[in-house]
Structures are given as C-alpha cells and as structure tokens.
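Number of protein chains: 2
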Amino acid sequence: MLELAILGFLYDTPLHGYELRKRIAALTGHVKPVAESTLYPAIKRLEKAGLLDRATEPGSVAAPRHVLSLTEAGRRELHRRLAEPDPRDISDENRWFTVLAFLRHLDDAAAQAGVLRRRLAFLEEPASFFYDGDRPLRAEELDDPFRRGVLTIARATSRAELTWLRETIASLGG
Amino acid sequence: MLELAILGFLYDTPLHGYELRKRIAALTGHVKPVAESTLYPAIKRLEKAGLLDRATEPGSVAAPRHVLSLTEAGRRELHRRLAEPDPRDISDENRWFTVLAFLRHLDDAAAQAGVLRRRLAFLEEPASFFYDGDRPLRAEELDDPFRRGVLTIARATSRAELTWLRETIASLGG
DNA sequence: ACGATATACCTCGGACCCGATGTATAGGTA
DNA sequence: TACCTATACATCGGGTCCGAGGTATATCGT
C-alpha cells in the first residue's frame, strides 16, 4: 500500500522524500498514519529494486534533498500493480482507495474497468461480519446495537460503492 | 486488532485455536484474512502476558485441542483496550469495526458512549483524501473519476455513520 | 542569546505478519 | 488402495512496520 502510493505519486512528478511524506500523509494519513521510519526504508527498497532513481540537490531550506524519480522499470511496476492488484488490494478498503487514487495512471480504459469489475464481484458476494452458522445475519437480526451499527454502516458503504462502480464501468465502455 | 478479536471472542466463552480462527475469519476475514501463522504466535503472546489460560483436551475429531480461556487479567485487558482505544482503532475502519464488534463487553454505558464520541469527533473533523494546498477538495472539484469515487464512497459512509453514532449515543443516555 | 519549529534525512531494536512447510488423525471418495 | 479434505497444532525465515532517537540547517519569536 505504501509502495503503491510512492510509485503513484512519483509517476506524476519527481519528489524528495520529505515532500512524498506530506503527500502520503494527506492521502491516507488521517486514517492510517505512516511513520518516517517506515517511509525511508520503503524508498530504499524500491531504489534497490531499480524502480527509483535518486538525485541529490542542495536543500532549498535546510539539508540536501534526495529527489526521487521513477525509472522505466518503476513505471512498468506501477502499471503492473494497478492492473493486477493483490486480492487484499481489492477487499481491504484502505488498500482499495490507494488503488483508486492512482488508477488513472493505467491509461487503458478496459484495464481500468477490469479492476473495477473485480471490486464489483467482491462486493456482490453475500458476506457479513456476523453469521448464524453459515447464514450471514442482517442488521435487524442483531440485538447488539454496536454490531448492528457495523452492518448499517457497511451496507451504506456497499450501496454507494455499487452504484458508483456500475456507473463508472458503464462510462468506461465496459 | 487481532489480539482484540481474540480477547473479545474468548470473553464470551472458552475456545480452542482452530475454532477461534474460524470465528475471526468470519468476522474480518473477507476483508482482511488472518493467516494461521499469525494467529498461533498471537495466542502465545497473550498467554505469555498472562491474559490467557490453556487447557489441553482430547480432540473431538483429530489432534488434541488447546482450549483457551481469559484470565482475570485478560478480562481487565479487554476492558482497557475497549475503553481506551488506540487512536488507530478510532481512525482505521478495520480496527474500528473490531472495537464495535466487542464494545458490548464494556458494561458501562457511559464508557461505551465515550468511545463512540471519540469516533464522532474524528468524523466531524474536516478531512479529505485530496487537497488543494490546505483546503480539502470535494468530489465535484475532481476531474479524475476514480478519485471522485473515493470521495463519493467515503461521504456515503461518513453520513451513515454520523447518523448512527448520534442516535446510538443519545440512546445510551450520553 | 535562547528555544521552538520546520526542513530534511537516517538507524536501531523490537514487534508483528505472512507464506511455506511440517506433524498427526479421521472421514470420504475414486 | 490411494488420495483429498478437514481437524488441530506448530515452526521458520524473510519481510514490513513503528517508536525512539540521532544529525544537521534555517527561521522566527522573545
């Protein structure tokens, strides 16, 4: 998820680590903060894998900046991660939102629609958080008000997203 | 999140690891699967910390079961984790849902309302995923249909949850 | 002159997580 | 007979993540 965000932001324009940190904080930080001690090693990983280039520039304010840019391999890797997301990227909303935030970088509309269709299939499966044996329970069947809340919220999300997915897939010519 | 689920399920009734695994899979597994090799070490951690007791029983079908039950310290720890959730438990929906799934174990209605109020405060803060400088952007201001989708879905979730939170806090006498 | 804050990067240890793999037993099925 | 699935537990290595702490420079307020 973090690596996808790094690749996604750098696809648009080269950035140094500190600026990257601020952009990632703006994107997902209010929900899932990312520590500096997570970001810098992640940058090193991607650099070591040949996906990033580093160019040292004199710092405009303080210490020298390491301006990062995607290599050709990095651009390909971003496309690969967007076109063939991990199952977790589909099911986990945090990761899914990160995919959506950068899906425009996949310039093929059919490939974009394919990714949306995978999320659609996931949401259309009958699933709950609470079961009676194998049968998924509905909000109305629960006594616990907090568990009822979980289902109420999840259902609202699911409805909004299903509507949006179907519209968007249609508008992509899928 | 995993540890909270273990403590939460065992609060109701003793269970062996394999059954615990199935319950956790039913609760959060469709969104965020938990591997066996994550569960068993987590059980050991909690046991080592004195929160769990283990009693070996002959297996009803196959290998002998290790039936796990909460110690008094384990019950206190669950209450503590529910009453004073980590900030991440409030902001991250996956973790928040786990808190909600077991919040009924906190028998004090005022404490329950306090936890809901923390989530309410988080949702009432003006936040987005995308910004123009410091100003959070609305869905309508975005050209990118995928990013617009993120905000559309997030807004639907937020609205449903705000309504539910306010109702539930009121009904708790908060 | 002093401290706080922002910029800009980094390391270390410990905790956590996962995939792969292993060890058994029992039941079904080809 | 052979294999697959389910039950039930566990370890190992590699990787990821975070909090705490460290190193500088520049700016601003007091």
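Residue numbers (the numbering used here), protein chains in the order written: chain X, 1372 to 1545; chain Z, 1372 to 1545. Yeah, the Cβ is synthetic: ideal placement off N, Cα and C, and Gly gets one too.
By how many angstroms is the C-alpha of residue j removed from the C-alpha of residue i?
| i | j | result |
| --- | --- | --- |
| Glu1324(X) | Val1405(X) | As shown, chain X starts at 1372 and ends at 1545. That puts residue 1324(X) outside it, with no answer to give. |
| Arg1392(Z) | Leu1410(Z) | 7 Å |
| Asp1514(Z) | Thr1528(X) | 22 Å |
| Leu1508(Z) | Phe1500(Z) | 8 Å |
| Val1521(Z) | Phe1468(X) | 6 Å |
| Phe1380(Z) | Ser1462(X) | 23 Å |
| Ala1546(Z) | Asp1503(X) | Not covered by the structure: residue 1546(Z). The range shown for chain Z is 1372 to 1545. |
| Thr1523(Z) | Arg1519(X) | 23 Å |
| Ala1434(X) | Ala1498(Z) | 31 Å |
| Gln1366(Z) | Leu1487(X) | For residue 1366(Z) there is no data in the structure shown, the boundaries of chain Z being 1372 and 1545. |
| Glu1512(X) | Val1438(Z) | 30 Å |
| Arg1447(Z) | Leu1471(X) | 41 Å |
| Leu1477(X) | Glu1407(Z) | 35 Å |
| Glu1390(X) | Lys1403(X) | 18 Å |
| Arg1425(X) | Val1432(X) | 19 Å |
| Leu1533(X) | Leu1474(X) | 18 Å |
| Met1372(X) | Pro1385(X) | 19 Å |
| Leu1453(Z) | Leu1378(Z) | 11 Å |
| Arg1466(X) | Leu1398(X) | 12 Å |
| Ile1395(Z) | Ala1531(Z) | 25 Å |
| Asp1444(X) | Glu1428(X) | Here residue 1444(X) turns out to be Ala, not Asp, going by the sequence shown. Cα to Cα, Ala1444(X) sits roughly 23 Å from Glu1428(X). |
What residues match up with residue i in a beta bridge as DSSP calls it?
| i | result |
| --- | --- |
| His1437(X) | Thr1427(X) |
| Tyr1502(X) | Pro1507(X) |
| His1387(X) | Val1438(X) |
Please tell me whether, using a cut-off of 8 Å, the distance from the CB of residue i to the nearest non-hydrogen atom of the ligand HEM is below it.
| i | result |
| --- | --- |
| Ile1377(X) | Absent from the structure shown: the ligand HEM. Ligands present: none. |
Quick one: give me the first and last residue of the alpha helix (DSSP H) that residue i is part of.
| i | result |
| --- | --- |
| Ala1397(Z) | No alpha helix (DSSP H) contains Ala1397(Z), which DSSP labels as neither H nor E. |
| Lys1403(X) | Unbroken run through Lys1403(X): none, as it is neither H nor E. |
| Ala1454(X) | 1443-1454 |
| Leu1536(Z) | 1516-1542 |
| Pro1497(X) | It is not in any alpha helix (DSSP H) - Pro1497(X) carries neither H nor E in the DSSP assignment. |
| Ala1420(Z) | Run containing Ala1420(Z): none; DSSP gives neither H nor E here. |
| Arg1475(X) | Per DSSP, Arg1475(X) belongs to no alpha helix (DSSP H) and is neither H nor E. |
| Asp1460(Z) | 1458-1462 |
So, do the segment 1484-1491 of chain X and the segment 1524-1544 of chain X have three or more beta carbon pairs nearer to each other than 8 Å? yes
Counting Cβ pairs, one atom from each stretch, are 3 or more of them under 8 Å apart for the segment 1412-1427 of chain X and the segment 1451-1460 of chain X? The way I'd put it, the segment 1412-1427 of chain X doesn't touch the segment 1451-1460 of chain X; fewer than three beta-carbon pairs between them come closer than 8 Å.
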